[in-house]
Amino acid sequence: MYAKCGSPQDAKCVFDRLGHRNVVSWGSLVAGSVENGDAHTAFELFEQMKESGTQPNRPIILSMLKACICAGSISQGRVAHNEVIKAGLDLEATVANALMDFYIKLSCLDDALKVFANLILKDVVSWDTIIAGLTDSGYISSALNHYEEMQSKGFEPNKYTYSCILKSFANERLIFKGMLVHDQVVRCGLESNVVVSNTLADMYGKCACIKEACKVFLNMTIRDAVSWSTIIARCVEHNYSVLALHYFEEMHQDPLYSKKAPNKSVYLCGLKACALAGDLVLGRMLHDVTIRVGFEADLTIGTTLVNIYGNHGSIEEAAFLLNSMQDPNEVTWGLMVVACVQHDLFSNAVVFLSKMLERGMVPEKACFIGILNGCSKSEAISYGRLLHSYLIECELDTDNEVKSALLNMYAKCGSSRDSFGILECFSPGNDISLWDAKIAASAWSGDFVAASQFLHTMYTHGMKPDNVVFIGLLSACCNVGAVKEGYQFFSSMRGNFNIEPGMEEYNLMAELLAQAGLTEEAEAFLLSMPCPPDFVGWMSLLTCCKASDIGLARRIFHQVIQLDPIDASGYVLMANICADAHMWEDVIEINNHLHQFIY
1 MYAKCGSPQD
11 AKCVFDRLGH
21 RNVVSWGSLV
31 AGSVENGDAH
41 TAFELFEQMK
51 ESGTQPNRPI
61 ILSMLKACIC
71 AGSISQGRVA
81 HNEVIKAGLD
91 LEATVANALM
101 DFYIKLSCLD
111 DALKVFANLI
121 LKDVVSWDTI
131 IAGLTDSGYI
141 SSALNHYEEM
151 QSKGFEPNKY
161 TYSCILKSFA
171 NERLIFKGML
181 VHDQVVRCGL
191 ESNVVVSNTL
201 ADMYGKCACI
211 KEACKVFLNM
221 TIRDAVSWST
231 IIARCVEHNY
241 SVLALHYFEE
251 MHQDPLYSKK
261 APNKSVYLCG
271 LKACALAGDL
281 VLGRMLHDVT
291 IRVGFEADLT
301 IGTTLVNIYG
311 NHGSIEEAAF
321 LLNSMQDPNE
331 VTWGLMVVAC
341 VQHDLFSNAV
351 VFLSKMLERG
361 MVPEKACFIG
371 ILNGCSKSEA
381 ISYGRLLHSY
391 LIECELDTDN
401 EVKSALLNMY
411 AKCGSSRDSF
421 GILECFSPGN
431 DISLWDAKIA
441 ASAWSGDFVA
451 ASQFLHTMYT
461 HGMKPDNVVF
471 IGLLSACCNV
481 GAVKEGYQFF
491 SSMRGNFNIE
501 PGMEEYNLMA
511 ELLAQAGLTE
521 EAEAFLLSMP
531 CPPDFVGWMS
541 LLTCCKASDI
551 GLARRIFHQV
561 IQLDPIDASG
571 YVLMANICAD
581 AHMWEDVIEI
591 NNHLHQFIY
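162 is the number that the UniProt record's numbering gives to position 162 of the sequence shown; each next residue is one higher, with no gaps.
What follows is the structure, encoded as structure tokens:
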């Protein structure tokens with residue numbers, strides 16, 4: 001009684017006053033110590049019991065195995081296993097199952113498999129335990145084999161079996177096998193079980209079958225926190241951000257869920273959906289909720305909030321949150337650096353990176369790539385060289401993605417010598433993104449012959465270039481005004497590589513022509529697109545229009561304001577063109593339109 005009520009000292013006092021101690025009294029004391037989380041005392045009592053000549057029975061062995069799991073003690077577990085063999089209990093399913101569970105939880109899967117193989121009379125729990133162990137250890141094929149063998153020997157899977165096997169299907173994206181098991185689950189009447197349904201929804205979600213995952217979720221009569229976090233997380237994973245937010249809002253209207261304590265994983269999924277959907281308003285609302293329920297101090301929650309604010313350009317809010325966090329890690333700081341780069345605040349990015357390094361943190365690869373991209377945008381080659389030296393010192397310069405970022409940075413900063421230095425020791429192999437970087441770097445350095453050669457070498461090696469390659473090439477052509485080369489690369493997309501140019505390639509080509517003063521040709525080029533030109537394309541042309549092109553500028557301006565009547569940039573450009581042409585009445589009219597639409 002004392003042991004079970006959490007008073008081990010009183011239990012020990014009663015035990016010490018016993019005139020005769022038997023296996024039951026020893027067992028009660030050992031079990032009480034285990035239940036109170038005192039594995040060390042349980043081990044001592046076990047040794048004292050053996051010294052007294054009392055042999056352990058089944059309940060004591062089971063208690064000892066629990067203690068070994070709590071303490072993470074393999075050596076004590078092996079001692080208990082020896083006692084099992086001595087007592088002849090190794091052939092009992094209950095004891096063998098506990099042994100397997102112990103070995104699996106302490107990452108000794110081979111020992112668990114030996115126990116399973118030696119067990120003659122297995123029960124469903126035996127099969128469930130070994131299948132779960134194999135699944136959790138990543139041996140999916142073996143887990144499936146055991147599942148099939150279990151059925152062939154006449155054992156009916158239960159809810160735990162189905163949960164384990166569906167988890168293995170999810171990990172391996174085996175959707176068709178998962179569907180077959182789903183049919184079995186329905187026939188057995190287990191679809192209403194919340195654990196099984198959660199695993200089914202997770203399996204469909206991980207296999208990118210969001211529609212099926214939603215069907216399972218909507219058919220559930222009872223949903224717990226795992227149900228909600230699963231469906232929201234899978235929607236987020238596959239970019240169904242609007243659907244994820246819909247479920248998040250619906251969750252708070254569920255009377256069963258609203259009565260329960262807030263679940264951190266669910267809120268984390270909701271915040272990730274906000275980040276993905278670009279919903280800063282809901283992100284702020286959730287931020288307030290996380291403060292009220294006490295989750296703001298959590299590192300993962302805080303990091304996700306920094307990401308939301310940073311992605312939306314709310315750099316001050318992101319920085320305030322970062323500085324208020326108790327112990328932000330490399331990921332949090334890295335997100336702050338990348339957010340500053342994305343919103344053209346390169347000097348801020350440098351400050352945050354410096355603070356990060358002062359704290360002795362080694363930035364993650366994504367952070368380095370982000371700051372190198374910032375060097376490219378700002379043409380900050382001196383800082384880029386410092387970063388390169390640091391990367392060499394940390395032996396991070398050999399990573400292919402980092403090499404690509406370095407190559408891109410030197411090329412866009414106009415340092416042919418540095419970019420060629422990297423190119424000489426740059427072997428892209430079969431990685432198409434590395435070929436993209438190598439080709440783009442050559443073009444940005446002005447060596448279009450080398451870029452073309454690399455393009456054809458890549459193709460002859462069995463790798464078809466993608467649109468990204470040509471976007472890089474055409475961007476480089478725009479940078480130096482290489483109209484002839486731009487035409488050649490654009491024509492080769494269809495002619496040589498059977499690639500259909502996208503909107504961005506058409507826009508770049510039109511921009512290239514307009515920059516060269518061929519504005520009418522650029523207009524005709526945009527109008528030759530298989531789909532209507534977008535705002536970016538027309539704006540690039542309007543930027544290049546002069547006062548002498550007033551008729552063309554009017555046509556382009558008309559297209560711009562049709563696509564976005566409240567963007568001020570088009571009005572400002574057109575007003576400046578009219579001012580250069582001394583057309584002051586038109587300037588006044590355009591400014592009036594600007595105030596009408598925007599203010």
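Every residue, glycine too, gets a C-beta built ideally from N, C-alpha and C.
Residue i versus residue j - alpha carbon distance
i	j	result
residue 494	residue 155	60 Å
residue 241	residue 235	6 Å
residue 1	residue 237	Per-residue confidence for residue 1 stands at a pLDDT of 46, beneath the threshold of 50, marking its modelled position as unreliable; the derived number appears in the next sentence. Answer to the nearest angstrom: the Cα atoms are 50 Å apart.
residue 472	residue 324	40 Å
residue 305	residue 125	43 Å
residue 492	residue 465	11 Å
residue 272	residue 365	21 Å
residue 194	residue 116	29 Å
residue 150	residue 93	15 Å
residue 584	residue 529	35 Å
residue 343	residue 77	57 Å
residue 140	residue 169	8 Å
residue 375	residue 412	9 Å
residue 576	residue 587	8 Å
residue 5	residue 52	At residue 5, the pLDDT of 48 sits below 50, so the modelled position is not reliable and the matter cannot be decided from this model.
residue 347	residue 418	23 Å
residue 249	residue 178	29 Å
residue 163	residue 330	35 Å
residue 522	residue 488	16 Å
residue 468	residue 436	7 Å
residue 88	residue 60	14 Å
residue 204	residue 215	10 Å
residue 74	residue 322	42 Å
residue 369	residue 400	11 Å
residue 118	residue 69	22 Å
residue 562	residue 580	24 Å
residue 590	residue 543	16 Å
residue 379	residue 470	22 Å
Three-state secondary structure (DSSP) of residue i
i	result
residue 292	helix
residue 221	coil
residue 623	Given that the chain is displayed from residue 1 to residue 599, the structure contains no residue 623 and the question cannot be resolved.
residue 534	coil
residue 497	coil
residue 349	helix
residue 185	helix
residue 173	coil
residue 238	coil
residue 39	helix
residue 361	coil
residue 522	helix
residue 445	coil
residue 141	helix
residue 303	helix
residue 514	helix
residue 55	coil
Chain-order list of residues whose beta-carbon lies under 6 Å from that of residue i (same chain, five-residue window excluded)
i	result
residue 142	134
residue 463	432
residue 67	34, 39, 42
residue 477	485, 486, 512
7 Å CB neighbourhood of residue i in its chain, flanking five on each side removed
i	result
residue 345	315
residue 598	Residue placement at residue 598 is flagged as unreliable, the pLDDT there being 48, under the threshold of 50; a coordinate-derived value is accordingly withheld.
Same chain, Cβ closer than 8 Å to residue i, neighbours up to 5 away in sequence not counted
i	result
residue 564	535, 570
residue 171	135, 138, 140, 206
residue 275	283, 304, 307, 308, 311
For residue j and residue i, believed in contact at Cβ under 8 Å, the rounded distance
i	j	result
residue 167	residue 199	6 Å
residue 350	residue 383	7 Å
residue 225	residue 266	6 Å
residue 525	residue 509	6 Å
residue 454	residue 439	5 Å
residue 352	residue 337	5 Å
residue 327	residue 299	7 Å
residue 512	residue 474	7 Å
Any chain E beta carbon closer than 8 Å to residue i
i	result
residue 130	As a matter of chain content, chain E is missing from the structure shown, which is built from one protein chain.
Checklist entry - Per the contact definition of three or more C-beta pairs closer than 8 Å, is the stretch 94-109 in contact with the stretch 121-138? => result yes
Checklist entry - Three or more C-beta pairs closer than 8 Å, one from the stretch 219-229 and one from the stretch 182-190: is that the case here? => result no
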